[in-house]
Structures are given as structure tokens and as C-alpha cells.
Amino acid sequence: MDGRILFSLKARPVALRLLMGAALLGLPAQSVFGVSCPVVKHNPPSEAAKALLAADFAKAESLYRADLTKTPGDAESVEGLVHALLGQQKTQEAADAVKAALAAAPNSAPLLTLSGEVQFRQGEPWAVEPVVLASYKLDPCNPRTRLLYARFAMVNSRYATARQQLGLAHQFDPEDAEIRAAWIQTLPLDQRIKETEAALAAPEQPGTAAATQMRADLERWKKQAAEPLRACLLVSKTPPVDIPFIDLKGFSGPYGANSHRAYGLDVALNGNSTRLQLGAGEGGLTLYRPAAERAGLKRITASEPGGPMGKSTYTAGADSIKIGNMEFQNCTVKVVDGSGPFDDGDGTIGMDVFSDSLVTLDYPMHKVKLGPLPLRTGETAAPALRLRTTSDAVDAADASAADRFIAPEMKDYTQIYRVGDSLILPAALNAAKVKLFVLDLGADATSVAPAVAREVSKVSEKMIFGQKALVADEITFNFAHLSQKVNGVVAVDTSMATRGTGMEISGSIGANTFSVLIMHIDYRDGLVKFEYIPNRGYSHQ
Numbered sequence: 346m347d348g349r350i351l352f353s354l355k356a357r358p359v360a361l362r363l364l365m366g367a368a369l370l371g372l373p374a375q376s377v378f379g380v381s382c383p384v385v386k387h388n389p390p391s392e393a394a395k396a397l398l399a400a401d402f403a404k405a406e407s408l409y410r411a412d413l414t415k416t417p418g419d420a421e422s423v424e425g426l427v428h429a430l431l432g433q434q435k436t437q438e439a440a441d442a443v444k445a446a447l448a449a450a451p452n453s454a455p456l457l458t459l460s461g462e463v464q465f466r467q468g469e470p471w472a473v474e475p476v477v478l479a480s481y482k483l484d485p486c487n488p489r490t491r492l493l494y495a496r497f498a499m500v501n502s503r504y505a506t507a508r509q510q511l512g513l514a515h516q517f518d519p520e521d522a523e524i525r526a527a528w529i530q531t532l533p534l535d536q537r538i539k540e541t542e543a544a545l546a547a548p549e550q551p552g553t554a555a556a557t558q559m560r561a562d563l564e565r566w567k568k569q570a571a572e573p574l575r576a577c578l579l580v581s582k583t584p585p586v587d588i589p590f591i592d593l594k595g596f597s598g599p600y601g602a603n604s605h606r607a608y609g610l611d612v613a614l615n616g617n618s619t620r621l622q623l624g625a626g627e628g629g630l631t632l633y634r635p636a637a638e639r640a641g642l643k644r645i646t647a648s649e650p651g652g653p654m655g656k657s658t659y660t661a662g663a664d665s666i667k668i669g670n671m672e673f674q675n676c677t678v679k680v681v682d683g684s685g686p687f688d689d690g691d692g693t694i695g696m697d698v699f700s701d702s703l704v705t706l707d708y709p710m711h712k713v714k715l716g717p718l719p720l721r722t723g724e725t726a727a728p729a730l731r732l733r734t735t736s737d738a739v740d741a742a743d744a745s746a747a748d749r750f751i752a753p754e755m756k757d758y759t760q761i762y763r764v765g766d767s768l769i770l771p772a773a774l775n776a777a778k779v780k781l782f783v784l785d786l787g788a789d790a791t792s793v794a795p796a797v798a799r800e801v802s803k804v805s806e807k808m809i810f811g812q813k814a815l816v817a818d819e820i821t822f823n824f825a826h827l828s829q830k831v832n833g834v835v836a837v838d839t840s841m842a843t844r845g846t847g848m849e850i851s852g853s854i855g856a857n858t859f860s861v862l863i864m865h866i867d868y869r870d871g872l873v874k875f876e877y878i879p880n881r882g883y884s885h886q
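What the sequence shown shows, in my numbering, is residues 346 to 886, in sequence order.
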């Protein structure tokens with residue numbers, strides 16, 4: 346793998362048109378107002394439905410197939426079968442099942458909506474809105490259509506629309522377990538707790554898997570409600586500010602000590618200097634326990650399992666966090682209950698911590714620049730700046746969360762998808778196949794899923810860092826007004842990212858791509874802009 350790259354500022358127009366798919370026009374006004382819809386009445390769950398609710402997907406698949414043998418084309422059974430197949434990651438089989446059902450009943454709103462769910466899962470979110478509109482015209486009262494549109498709106502940074510559509514979906518069908526779980530997430534914390542308790546105590550219990558998740562959420566929310574409110578507000582200079590990168594070294598493995606391994610930021614917690622790796626792992630700000638103890642952070646919660654590297658985590662309070670010439674006070678951070686894998690880093694920091702600002706990662710000049718986000722229409726002043734130290738999955742319950750706003754000065758930015766702290770960029774591969782890639786600031790190199798590598802390039806096995814790896818000979822990526830040829834793209838398993846985002850992820854955009862770029866990120870509105878200026882930066886001085 347030589348990782349050579351070549352940039353062009355003239356991406357192919359066809360590829361660019363494909364990147365965003367359908368225009369984000371929203372539903373007609375009558376889809377929200379003026380429609381009187383009856384509340385859905387459910388029959389007692391069948392054995393197949395019980396298996397699906399219990400997340401026994403293989404059993405559910407078998408039972409739904411048996412039901413369809415008795416009643417071919419039954420939309421409810423097709424829906425159950427498709428959800429069982431998706432639960433087993435059998436995406437193509439799910440797509441085939443929907444296609445066959447739609448061929449027999451092309452004017453079925455439930456089946457149209459189901460096809461949109463599958464397209465979303467296949468990593469084609471741009472295809473969802475036309476499906477939603479077509480399904481709405483057939484039946485404006487279908488609650489699953491509202492749920493699908495809410496999911497589409499959420500990844501497109503249209504949070505107010507998502508909250509509105511989830512409210513309608515729950516109004517139409519308050520007993521659908523998936524709708525109810527999504528709707529609960531839009532409520533203020535005290536109401537979330539109340540509604541979750543009510544759902545768990547209701548005569549019609551949620552399925553086993555849903556109930557398990559709800560109990561875990563309920564426990565977490567109750568702990569959160571009992572904690573002191575920590576706003577982590579800026580108390581010093583407001584952006585624009587520049588924050589220099591630090592060079593992290595010291596990896597003592599077999600591939601060379603004291604060589605560059607990552608960039609980081611120098612962050613003072615309670616006056617103690619800590620070195621945090623840039624963009625690695627989860628979003629937010631995460632410390633390893635020795636650094637947290639050295640800084641005198643006060644533990645807030647007990648340790649919980651399921652953290653990075655299989656270690657438990659807990660939250661702790663920091664009175665002060667200083668980054669560059671900015672200071673934030675009364676903050677909460679995540680702490681990994683153990684030491685870090687490197688001796689030159691005390692934790693990680695995702696750039697989503699700065700999501701209240703316009704973030705510019707100037708890799709050639711080795712610095713982060715923060716500036717103000719443009720005021721939305723009707724705003725007279727920017728809200729108080731927070732440091733989003735806990736992973737900033739956008740909270741649909743936040744009443745201030747609005748739909749994406751594109752200011753005139755940002756018209757040349759590219760709209761991307763956002764799921765939690767993941768920024769997801771559509772890229773056309775070899776000017777044909779449009780796939781979804783995570784913008785991974787912690788990855789050394791751009792990577793691709795094995796199936797996609799075989800689909801678009803010749804592949805071969807090579808030894809990478811002492812292990813066999815599948816490598817694509819050459820792939821040209823077209824994304825965000827740039828075209829890049831990459832030789833030797835390593836293939837990696839993307840199933841975890843796919844499960845986490847709910848969309849098929851085909852790889853990640855890593856450091857061998859963005860290390861020569863200036864990257865502007867508007868987390869609030871899901872917008873990015875890349876600049877490539879040849880012969881600029883440390884390597885050319």
C-alpha cells in the first residue's frame with residue numbers, strides 16, 4: 346500500500362448531483378395540519394410478532410415466511426419478514442422481499458414506506474424523500490411513513506421536522522414499539538422518565554428486546570436527573586481563536602518509537618495539562634483515569650461496563666477546562682476506568698465538542714480555528730457557547746434544535762449526513778457507485794469495505810503491519826467538490842459502523858486524504874467544505 350493521492354478541484358458534475366439525491370423540500374403543509382387520522386388499533390401480537398419483538402430474528406423470519414405461505418402478499422407479514430431479515434443483516438434479501446411485494450401491490454402505502462426503510466438501511470438516504478412523498482399521497486395517516494421521514498430528517502440535520510413527525514407518528518400509533526421509543530427520545534428528561542415508566546408498566550408490554558433497552562435507558566436517565574446540572578459554558582474570550590495541534594509520538598511497538606502517530610490538543614483540566622488525541626474514538630472528551638485523578642476531577646457516577654477496550658467508564662466533573670485562550674466552567678467528562686494504550690496521550694477529544702462554533706481543521710498548518718456560526722433567520726444574538734464534552738448526539742428533545750440553516754455565505758458548503766457524533770459523507774467511487782463514508786479524524790488512512798473494494802477495483806492480499814489484508818489497487822473518490830485517486834486502499838470490516846448509524850457504511854475517509862486539506866465543519870447544520878491549496882503547510886516551508 347503506497348497511499349498515493351491526487352486531488353482535483355473539479356469533481357464530476359454527475360457525481361456531485363448524486364451526492365445529495367432528492368431535494369430537501371419537506372412534506373406539503375397538509376401533511377402536518379388539516380388531516381384527521383384515526384388511532385391505529387392493533388390485534389394481539391402473533392407468534393411471529395412476539396419473536397420479532399424479542400429480537401429472535403431467525404425464528405421471526407421462519408414464522409413470517411410460514412404466514413406468507415398461507416396469506417401471500419399480506420402487507421403486515423411482509424413488513425415483519427423484512428424487519429426480521431434486516432435484524433439479521435440480510436439486507437439484499439429484505440430488498441428482494443419488498444420488491445416482490447410491491448410488484449404485486451404497487452399502490453400500497455405500507456409497502457412503499459417499507460421500501461424506503463430498506464433503502465435507508467442500504468445506505469441510500471437520498472432516495473427516501475420521494476418514497477415518503479409517494480406514500481403520503483396514498484395514505485397521509487400511515488404512522489410508519491412519519492417515522493421514516495423523521496429518521497430521514499434527523500440525519501439531514503432537520504431536527505425540528507424530525508421532532509414534529511415523531512409526534513405525529515406517536516399520535517397515530519402510540520402502541521408501535523419503535524415509534525414509541527423514538528418519540529420518547531424527543532421529550533424533556535422528566536417526561537422521558539415518566540413515559541418510559543408508563544410503557545414498562547402498561548398491560549401491553551413492549552417486546553423483550555425493547556423492554557431491556559427501555560430499562561437501561563430509564564436507569565441512565567434517572568442517574569442523569571439526579572446529577573447536578575453542568576452547563577460547561579464559555580467564561581472567557583469568544584471565537585475566533587486558533588488552537589495549535591500537538592504532535593503525539595511515543596508508540597513503543599514494533600513499528601518504530603518516537604514517530605508521528607497522531608495529532609492532538611493540549612487541554613488544561615482544573616489547571617493540569619493533558620494531551621488529548623484528536624478525533625479518535627467516540628465524540629466528546631474522554632480521559633483515562635490517571636489523567637482524571639491527576640486533575641482532581643470529581644467522580645459523579647459509578648463505573649459502568651461497555652467502554653473502550655472493554656473497560657468500564659464513569660463520568661466526572663471538571664471545574665475548569667481551558668483550550669487555547671478559551672475557558673469553560675462546570676463541565677462533565679467521560680473517564681475510562683484504566684490507563685491509555687499510549688504513554689504520550691491522556692485521552693481523546695472529538696471535534697464535536699466545538700459544535701457550537703464553526704470548526705476549521707487546517708491540517709497543512711497544524712491548527713484548529715474556531716469561528717462563530719452564522720445567525721439563523723430571526724436570531725439577533727448567538728446563544729451562549731458550550732463545550733459539548735459528552736458525546737454530542739443531537740438531542741431531539743432540545744426545544745432549540747432547529748432545521749438545517751444554510752446562510753448565504755455558506756452556499757458552497759456540502760450537505761452531509763450526521764448520526765450522533767458521526768459525520769457521513771456520500772462519495773462517488775470511480776465516478777459511478779455512490780456510497781457512504783464516515784469522516785474519521787482518528788483514522789490513519791482512507792479505507793473501504795471488502796465487498797465494495799471488490800465491486801469497484803481489482804483487489805489483492807498484502808501484508809499490512811504484519812497481518813494479511815485485502816487491498817484495492819486503485820479507487821477514485823469524488824466527494825464535496827473534490828476528486829481524489831487513492832492507490833492501495835485497505836479493506837476493513839464496516840459492520841459495526843453500519844449497525845451504529847443504521848445505514849450501510851462503505852468505509853472511512855482518513856488522514857491520507859484530509860492531511861493536505863483545510864476542512865470546515867458546521868456540526869449544527871450538517872455542512873462541510875474542503876479546500877486544497879497546493880504547496881502549503883509545514884512540509885513546504
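Just so it is clear, CB atoms sit at the ideal spot from N, CA and C, and this is done for glycine as well.
Taking residue i and residue j to be in contact with their CB atoms under 8 Å, please state how far apart those CB atoms are, rounded to whole angstroms.
{"i": "residue 853", "j": "residue 785", "result": "4 Å"}
{"i": "residue 734", "j": "residue 630", "result": "4 Å"}
{"i": "residue 681", "j": "residue 661", "result": "About 11 Å; that fails the 8 Å criterion."}
Output the distance between the C-alpha atoms of residue i and residue j, rounded to the nearest integer angstrom.
{"i": "residue 360", "j": "residue 817", "result": "Confidence at residue 360 is low in this model, with a pLDDT of 33, below 50, so its placement is unreliable and no value can be given for it."}
{"i": "residue 568", "j": "residue 715", "result": "33 Å"}
{"i": "residue 492", "j": "residue 804", "result": "40 Å"}
{"i": "residue 777", "j": "residue 692", "result": "40 Å"}
{"i": "residue 423", "j": "residue 460", "result": "11 Å"}
{"i": "residue 524", "j": "residue 515", "result": "6 Å"}
{"i": "residue 698", "j": "residue 510", "result": "28 Å"}
{"i": "residue 480", "j": "residue 508", "result": "20 Å"}
{"i": "residue 560", "j": "residue 538", "result": "10 Å"}
{"i": "residue 475", "j": "residue 782", "result": "23 Å"}
{"i": "residue 413", "j": "residue 462", "result": "20 Å"}
{"i": "residue 779", "j": "residue 687", "result": "37 Å"}
{"i": "residue 798", "j": "residue 807", "result": "14 Å"}
{"i": "residue 696", "j": "residue 527", "result": "26 Å"}
{"i": "residue 683", "j": "residue 651", "result": "13 Å"}
{"i": "residue 672", "j": "residue 829", "result": "39 Å"}
{"i": "residue 339", "j": "residue 632", "result": "Summary: the structure shown does not reach residue 339, with the chain confined to residues 346 through 886, and so no result is reported for it."}
{"i": "residue 703", "j": "residue 727", "result": "12 Å"}
{"i": "residue 659", "j": "residue 634", "result": "9 Å"}
{"i": "residue 417", "j": "residue 722", "result": "52 Å"}
{"i": "residue 441", "j": "residue 685", "result": "46 Å"}
Only counting the same chain, and skipping five residues up and downstream in sequence, which positions put a Cβ closer than 7 Å to that of residue i?
{"i": "residue 583", "result": "730"}
{"i": "residue 752", "result": "719"}
{"i": "residue 860", "result": "708"}
{"i": "residue 387", "result": "520"}
Please work out which residues of its chain come closer than 6 Å, Cβ to Cβ, to residue i, disregarding the five sequence neighbours upstream and downstream, and give them in chain order.
{"i": "residue 404", "result": "396"}
{"i": "residue 614", "result": "640, 663, 666"}
{"i": "residue 870", "result": "502, 749, 750"}
{"i": "residue 349", "result": "Residue placement at residue 349 is poorly supported in this model, since its pLDDT is 48, which falls under 50; the coordinates still yield a value, given next. If we look at residue 349 and ignore the five residues flanking it on each side, its Cβ neighbours are 832."}
{"i": "residue 513", "result": "491"}
{"i": "residue 371", "result": "Any reading at residue 371 must be qualified, since the residue scores a pLDDT of 41, below 50, and its modelled position is unreliable; the value itself is stated next. Around residue 371: no qualifying Cβ."}
Find the nearest neighbour of residue i within the set the options, judged by alpha-carbon distance.
{"i": "residue 444", "options": "420, 793, 763, 400", "result": "420"}
{"i": "residue 457", "options": "590, 446, 578", "result": "446"}
{"i": "residue 592", "options": "604, 585, 581, 586", "result": "604"}
{"i": "residue 536", "options": "566, 558, 555", "result": "566"}
{"i": "residue 556", "options": "473, 780, 384, 400", "result": "400"}
{"i": "residue 775", "options": "807, 580, 819", "result": "819"}
{"i": "residue 611", "options": "579, 668, 658, 650", "result": "668"}
{"i": "residue 764", "options": "756, 703, 822, 843", "result": "843"}
{"i": "residue 562", "options": "534, 645, 578, 673", "result": "534"}
{"i": "residue 574", "options": "588, 645, 500", "result": "645"}
{"i": "residue 531", "options": "549, 496, 547", "result": "496"}
{"i": "residue 678", "options": "577, 858, 617", "result": "577"}
{"i": "residue 558", "options": "570, 394, 529, 548", "result": "529"}
{"i": "residue 858", "options": "821, 432, 727, 452", "result": "821"}
{"i": "residue 402", "options": "498, 429, 465", "result": "429"}
CB-CB under 8 Å to residue i, same chain, minus the five flanking residues each way: which ones, in chain order?
{"i": "residue 705", "result": "713, 714, 715, 716, 863, 864, 865, 866"}
{"i": "residue 873", "result": "758, 759, 761, 768, 770, 784, 825, 864, 865, 866, 867"}
{"i": "residue 607", "result": "593, 622, 623, 625, 690, 787"}
{"i": "residue 486", "result": "380, 382, 383, 517"}
{"i": "residue 670", "result": "581, 582, 586"}
{"i": "residue 579", "result": "671, 672, 673, 729, 730, 731, 732"}
{"i": "residue 812", "result": "none"}
What do you reckon, is the C-beta of residue i under 6 Å from a heavy atom of the ligand GTP?
{"i": "residue 409", "result": "You won't find the ligand GTP in this model; it holds no ligand whatsoever."}
Exercise. Inspect the CB distances between the region 466-478 and the region 828-840 and report whether three or more fall short of 8 Å.
Key: no
Practice problem: Indicate whether the contact test is met: 3 or more Cβ pairs, each with one atom in the region 640-657 and one in the region 537-549, closer than 8 Å. | Solution: no
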